[in-house]
């Protein structure tokens, strides 16, 4: 099993550009989440989804959009990138008491 | 969710047991204690969780005090690959998935 796969691993954007971070899982989990991690800090929740067609905001949703059209995929869209969105982004899927994380996307906005 | 308090950093000699403490004095009766770790900017990895009984798996042991106000994660024979940030999280268990709130954690350095 691949688990949770994130692409790309690294990305550099210019201020104002938009992009989509991809996340796919092959464990048939209904629950998926996006987090960001800034240097020296814990993870903060951006958006999450409890199943296809259902999403909700987390702690830091501003500047990000999500949608969930299939169980497997949960893309995160940056609408107009800002330097404050420079961070490492982690996608996770969860079932019962365990969350499975992807390897992260390191995003730099210049 | 109950607040947790962990030391910011700890050292441990390779081959020795690493004992990572966590205080959660406001934990409620239906909240579990979860431990995750994050190795060098990889995604966090689940280690173990428990309610009130001590738990053991192939990675670690979890010791929860009788009053449940604190717990200790034990890595019985730490290796250099156990160097990581360890997160103690208190959450209610669900019958489906959930999110976890990751604080600053404890940075464990295993020394040769």
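Protein chains in written order, with this note's numbering: chain A, 21 to 130; chain B, 226 to 337.
Yeah, the Cβ is synthetic: ideal placement off N, Cα and C, and Gly gets one too.
Just so it is clear, the structure is predicted and the values come from calculations on it, not from any experiment.
Any C-beta of chain B sitting closer than 7 Å to the C-beta of residue i?
i, result
"residue 94 (chain A)", "no"
"residue 119 (chain A)", "yes"
"residue 49 (chain A)", "yes"
Figure out for me which residue from the options has the closest Cα to the Cα of residue i.
i, options, result
"residue 24 (chain A)", "A:130, A:128 and A:123", "A:123"
"residue 50 (chain A)", "A:40, A:88, A:109 and A:126", "A:88"
"residue 311 (chain B)", "B:256, B:270 and B:295", "B:270"
"residue 277 (chain B)", "B:318, B:288 and B:283", "B:288"
"residue 126 (chain A)", "A:120, A:109 and A:118", "A:109"
"residue 76 (chain A)", "B:228, B:324 and B:244", "B:324"
In the DSSP output, what is residue i paired with across the bridge?
i, result
"residue 261 (chain B)", "B:271 and B:312"
"residue 30 (chain A)", "A:126"
"residue 236 (chain B)", "B:334"
"residue 248 (chain B)", "B:230 and B:295"
"residue 281 (chain B)", "B:286"
"residue 57 (chain A)", "A:63 and A:108"
"residue 317 (chain B)", "B:256"
"residue 71 (chain A)", "A:74"
Does the beta carbon of residue i sit closer than 7 Å to a beta carbon anywhere in chain A?
i, result
"residue 269 (chain B)", "yes"
"residue 231 (chain B)", "no"
"residue 321 (chain B)", "yes"
"residue 254 (chain B)", "no"
"residue 274 (chain B)", "yes"
"residue 318 (chain B)", "yes"
"residue 328 (chain B)", "yes"
"residue 248 (chain B)", "no"
"residue 279 (chain B)", "no"
"residue 282 (chain B)", "no"
When the distance is taken between beta carbons, is residue j closer than 7 Å to residue i?
i, j, result
"residue 322 (chain B)", "residue 115 (chain A)", "yes"
"residue 56 (chain A)", "residue 100 (chain A)", "no"
"residue 326 (chain B)", "residue 307 (chain B)", "no"
"residue 282 (chain B)", "residue 273 (chain B)", "yes"
"residue 195 (chain B)", "residue 62 (chain A)", "Nothing about residue 195 (chain B) can be read from this structure; chain B reaches only from 226 to 337."
"residue 112 (chain A)", "residue 90 (chain A)", "no"
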